[in-house]
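Chains as they are written, first to last, in our numbering: chain A, 0 to 182; chain B, 74 to 497.
Below you can see the structure in the form of structure tokens.
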């Protein structure tokens with residue numbers, strides 16, 4: 000029994016209290032460390048002024064049928080295309096084809112004549128060609144990305160090449176009077 | 074640091090008694106015993122540290138003239154080239170210094186691979202070296218963005234977009250990296266801050282790398298341990314002299330590039346200001362990333378991992394993600410090299426099969442670099458895939474297998490033995 004008294008601080012209340020204080024201090028320190036890391040990391044996320052500039056309004060009235068314009072939104076190009084009846088028809092007909100990223104044309108437009116999408120290739124972020132007259136349109140009459148050869152159709156859907164997804168359709172609202180708000 | 078050096082100069086002695094820096098320098102750079110059979114391939118570590126110091130000095134002076142803002146960055150670099158006194162020299166030294174740094178470090182790395190410098194007891198030394206290479210890659214990538222030319226912008230866009238391949242959180246990570254919705258002013262600012270910081274981190278890791286090599290001592294072309302003091306010569310004057318010869322040759326080459334063809338390693342497109350609405354027709358990274366870029370693009374759309382996961386009902390590993398994993402794995406595999414090679418003979422001079430494999434590997438790296446510089450079309454697709462498979466097979470199959478089955482040639486009894494035999 001005398002031995003047990005001598006080695007008591009190894010296994011009685013005194014040492015477990017010390018262990019508890021040690022672990023509690025360590026835990027509190029670690030918790031505070033993580034809590035402090037949150038604002039540090041979040042400071043690198045988009046700032047309020049960057050977010051404030053995240054919507055734009057575009058007047059669509061000057062865009063004739065068959066024409067396309069590119070506007071800058073959130074530092075990226077947005078393709079706005081006034082589609083011809085033929086293009087709309089092709090896009091709808093291709094709904095039935097085996098698509099890499101299946102999506103119906105009707106789900107990609109609010110008004111079939113206006114195709115609005117982010118002009119950034121979903122592969123590695125290049126800008127596909129097909130907006131300007133004389134640009135290549137790829138094998139499916141839409142857009143062609145010169146970087147790694149992705150072909151998009153008249154609905155901006157990926158048809159051939161390394162890109163995994165269709166061109167992104169941003170959130171937009173028609174405000175009336177031929178004006179659209181993107182973002 | 075067991076025995077203190079006795080200095081005659083009382084001031085040096087006064088300092089040394091309180092902080093033995095002079096004893097340290099004397100031990101590590103004057104008396105330090107080096108294997109006496111080192112060849113010129115052992116110059117490249119010293120050359121790399123010279124380039125690092127040059128990069129720090131020119132970089133700090135450039136930072137005094139540069140403006141990290143999307144509206145002014147390109148113009149401020151042009152101002153450095155045209156208006157700042159010797160600005161053209163600072164920038165060309167810094168720009169080509171990055172290429173020189175990689176040339177020297179790649180040779181240093183191949184040297185380590187050939188002579189088995191990664192083996193016991195130098196594993197940690199090797200790992201620190203690979204950490205330095207990774208830090209150099211991050212630093213040079215961010216530095217290349219700063220002039221805000223077309224290649225700066227689109228290189229940054231392509232490379233940061235790689236992180237979007239990470240499942241579920243990829244897009245949030247990319248937005249966080251950018252500080253916005255595309256590569257823009259916040260991105261340029263943070264890259265500038267990090268490009269300033271990381272070289273000092275590299276400097277610290279280099280210091281650890283040097284301390285580690287002074288603990289184990291240098292490896293040597295025979296790959297056998299130093300046994301007796303007769304196997305060594307003091308660092309000074311023998312290797313200070315030998316390093317100086319190599320340094321002069323290297324500086325001649327460096328100067329030839331800086332003064333006669335300063336844009337040799339650059340892309341003409343980077344003299345066009347960044348335009349977020351216009352992609353260059355052919356985006357290529359800097360030459361030192363080309364082999365890794367080739368590996369990134371080598372994974373086919375219908376590769377086995379994607380096929381298996383899509384068969385299971387979901388696509389967890391897309392071709393894009395697999396390419397990204399392969400690219401990072403191509404560096405990470407170097408960390409495992411000390412344990413993949415199971416042979417206890419270090420130098421490839423005494424390993425006939427390993428020796429041949431090494432040169433195949435060097436050739437493969439050049440092939441991958443050539444593929445990376447070309448569009449991913451036609452034959453380049455297949456050459457890139459074969460080159461990538463060979464790259465990984467070299468580390469994961471050939472090295473472990475050969476190290477177990479190969480019969481090495483007999484090693485000399487000591488570093489001095491062959492020399493003494495010739496004399497006799």
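Backbone N, C-alpha and C fix where the C-beta goes; we use that ideal spot for every residue, glycine too.
Since this is a predicted model, take the numbers as computed values, not measurements.
Less than 8 Å between CB atoms is the rule here; does residue 25(A) satisfy it with respect to chain B? False, the Cβ-Cβ gap to chain B never drops below 8 Å.
Nearest-angstrom Cα separation, counted from residue 293(B) out to residue 111(B): Going from the Cα of residue 111(B) to the Cα of residue 293(B) covers about 6 Å.
Chain B within 8 Å of residue 57(A), Cβ atoms only: Residue 57(A) does not count as touching chain B.
Identity of the residue in 244(B), 424(B), 90(B) nearest residue 122(A) by Cα: Ranking the options by Cα distance to residue 122(A), first place goes to 244(B).
Quick one: is residue 86(A) buried, meaning 16 or more other Cβ sit within 10 Å of its Cβ, or exposed? By the 10 Å Cβ count, residue 86(A) comes out buried.
As assigned by DSSP and simplified to three states, the class of residue 304(B): Looking at residue 304(B) - three-state DSSP - the assignment turns out to be helix.
Could you tell me the alpha carbon to alpha carbon distance between residue 6(A) and residue 34(A), rounded to whole angstroms? In this prediction, residue 6(A) has a pLDDT of 49, which is less than 50 and means its spatial position is unreliable; what the coordinates show is noted afterwards. Answer to the nearest angstrom: the Cα atoms are 40 Å apart.
Starting from residue 498(B), follow the alpha helix (DSSP H) in both directions and report where the run begins and ends. Missing from the structure shown is residue 498(B); chain B here goes from 74 to 497 and no further.
I want to see whether chain B comes within less than 8 Å of residue 123(A), judged by CB atoms only; does it? So, interface residue.
Chain B contacts from the stretch 34-54 of chain A (Cβ-Cβ distance under 8 Å): Going along the stretch 34-54 of chain A in chain order, one finds 40, 43, 44, 45, 46, 49, 53 with a Cβ nearer than 8 Å to chain B.
Nearest chain B C-beta to residue 69(A) closer than 8 Å, yes or no? Yes, because at least one Cβ of chain B sits closer than 8 Å to the Cβ of residue 69(A).
Is there a Cβ of chain B sitting closer than 8 Å to that of residue 28(A), yes or no? Taking Cβ atoms only, chain B never reaches closer than 8 Å to residue 28(A), which makes this a no.
Return yes when the Cβ of residue 316(B) is within less than 8 Å of the Cβ of residue 119(B), no when it is not. Going by C-beta atoms, residue 119(B) is nearer than 8 Å to residue 316(B).
CB contact check: residue 231(B) to chain A, cutoff 8 Å: For residue 231(B), the answer is yes, since a Cβ of chain A falls inside 8 Å of its Cβ.
Rounded separation between residue 130(A) and residue 255(B) - CA only: When the Cα atoms are used, residue 130(A) and residue 255(B) turn out to be separated by approximately 20 Å.
Segment contact, 8 Å Cβ cut-off, at least three pairs: the stretch 359-368 of chain B with the stretch 154-161 of chain B: Here the stretch 359-368 of chain B does not lie against the stretch 154-161 of chain B, with fewer than 3 beta-carbon pairs under 8 Å apart.
Looking at chain B, is there any beta carbon in it that lies within less than 8 Å of the beta carbon of residue 147(A)? Yes, residue 147(A) lies at the interface with chain B (some Cβ there is under 8 Å from its Cβ).
For a contact defined as C-beta to C-beta under 7 Å, what are the partners of residue 257(B) on chain A? Chain A residues near residue 257(B): 74.
Contact defined as beta carbons within less than 8 Å: I believe residue 125(B) pairs with residue 275(B). What is the distance between those atoms, to the nearest angstrom? About 7 Å; that satisfies the 8 Å criterion.
Do we get a CB-CB distance below 8 Å when we pair residue 126(A) with the residues of chain B? Chain B, which has a Cβ nearer than 8 Å to the Cβ of residue 126(A), makes this yes.
Which runs of the beta strand (DSSP E), 3 residues or longer, sit entirely within the stretch 34-90 of chain A? For the stretch 34-90 of chain A, whole beta strand (DSSP E) runs of length 3 or above, ordered along the chain, are 55-58, 67-72, 75-81.
What is the C-beta distance between residue 331(B) and residue 166(B), in whole angstroms, given that I count them as a contact (C-beta under 8 Å)? In this structure, residue 331(B) and residue 166(B) form a Cβ contact; the two beta carbons are roughly 6 Å apart against a cut-off of 8 Å.
Residues of the stretch 145-177 of chain A with a CB closer than 8 Å to any CB of chain B: list them in chain order, please. Within the stretch 145-177 of chain A, the residues whose Cβ lies closer than 8 Å to some Cβ of chain B are 145, 146, 147, 148, 161, 163, listed in chain order.
Return the first residue and the last residue of the alpha helix (DSSP H) that residue 154(B) is part of. Segment 146-155, the alpha helix (DSSP H) holding residue 154(B).
CB contact flag (residue 476(B), residue 347(B), <8 Å): It is not a contact, given that the beta carbons lie outside the stated cut-off.
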